[in-house]
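Numbering (this note's numbering), first residue to last: 480 to 540.
Just so you know, even glycine gets a beta-carbon here, dropped at the ideal spot from N, CA and C.
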(Lines of atoms letter the chains of each structure in order from A and count residues from 1; the text may use other names and numbers.)
(Lines give C-alpha, C1' and ligand atoms only; values in the text may rest on other atoms or scores of the structure.)
Protein backbone atom coordinates (compact mmCIF):
# COMPACT_ATOMS: atom_id res chain seq x y z
CA UNK A 1 0.00 0.00 0.00
CA UNK A 2 2.89 2.35 0.69
CA UNK A 3 4.20 1.70 -2.83
CA UNK A 4 0.86 2.81 -4.27
CA UNK A 5 0.88 5.98 -2.18
CA UNK A 6 4.47 6.68 -3.17
CA UNK A 7 3.67 6.17 -6.84
CA UNK A 8 0.71 8.54 -6.64
CA UNK A 9 2.87 11.21 -4.99
CA UNK A 10 5.59 10.81 -7.64
CA UNK A 11 3.05 11.14 -10.46
CA UNK A 12 1.42 14.19 -8.93
CA UNK A 13 4.76 15.80 -8.13
CA UNK A 14 5.96 15.29 -11.70
CA UNK A 15 2.81 16.91 -13.06
CA UNK A 16 3.28 20.02 -10.90
CA UNK A 17 7.03 20.17 -11.56
CA UNK A 18 6.83 19.75 -15.34
CA UNK A 19 3.59 21.64 -16.06
CA UNK A 20 3.04 24.25 -13.32
CA UNK A 21 0.93 26.61 -15.46
CA UNK A 22 -1.37 23.84 -16.65
CA UNK A 23 -1.65 22.52 -13.08
CA UNK A 24 -2.71 25.97 -11.85
CA UNK A 25 -5.34 26.25 -14.59
CA UNK A 26 -6.65 22.78 -13.81
CA UNK A 27 -6.99 23.63 -10.11
CA UNK A 28 -8.89 26.81 -11.01
CA UNK A 29 -11.21 24.85 -13.33
CA UNK A 30 -11.91 22.24 -10.65
CA UNK A 31 -12.72 25.03 -8.20
CA UNK A 32 -15.47 26.25 -10.52
CA UNK A 33 -17.19 22.87 -10.89
CA UNK A 34 -20.44 22.29 -9.01
CA UNK A 35 -20.17 19.94 -6.00
CA UNK A 36 -22.21 17.21 -7.71
CA UNK A 37 -19.77 17.07 -10.64
CA UNK A 38 -16.84 16.78 -8.23
CA UNK A 39 -18.65 14.03 -6.35
CA UNK A 40 -19.33 12.05 -9.54
CA UNK A 41 -15.72 12.44 -10.66
CA UNK A 42 -14.48 11.37 -7.24
CA UNK A 43 -16.67 8.27 -7.19
CA UNK A 44 -15.55 7.37 -10.73
CA UNK A 45 -11.87 7.79 -9.78
CA UNK A 46 -12.42 5.74 -6.62
CA UNK A 47 -14.09 2.92 -8.58
CA UNK A 48 -11.34 2.92 -11.19
CA UNK A 49 -8.66 2.86 -8.50
CA UNK A 50 -10.32 -0.05 -6.70
CA UNK A 51 -10.59 -1.94 -10.00
CA UNK A 52 -6.92 -1.38 -10.85
CA UNK A 53 -5.86 -2.36 -7.32
CA UNK A 54 -8.01 -5.51 -7.45
CA UNK A 55 -6.66 -6.49 -10.89
CA UNK A 56 -3.07 -5.97 -9.76
CA UNK A 57 -3.60 -8.16 -6.70
CA UNK A 58 -5.45 -10.82 -8.72
CA UNK A 59 -2.67 -10.99 -11.30
CA UNK A 60 0.04 -11.01 -8.63
CA UNK A 61 1.60 -7.77 -9.82
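Determine the direct distance from the alpha carbon of residue j to that of residue i, and round the result to whole angstroms.
i, j, result
"residue 512", "residue 527", "21 Å"
"residue 531", "residue 520", "16 Å"
"residue 504", "residue 516", "18 Å"
Taking the alpha helix (DSSP H) that residue i belongs to, which residues open and close that run?
i, result
"residue 494", "481 to 497"
"residue 528", "514 to 538"
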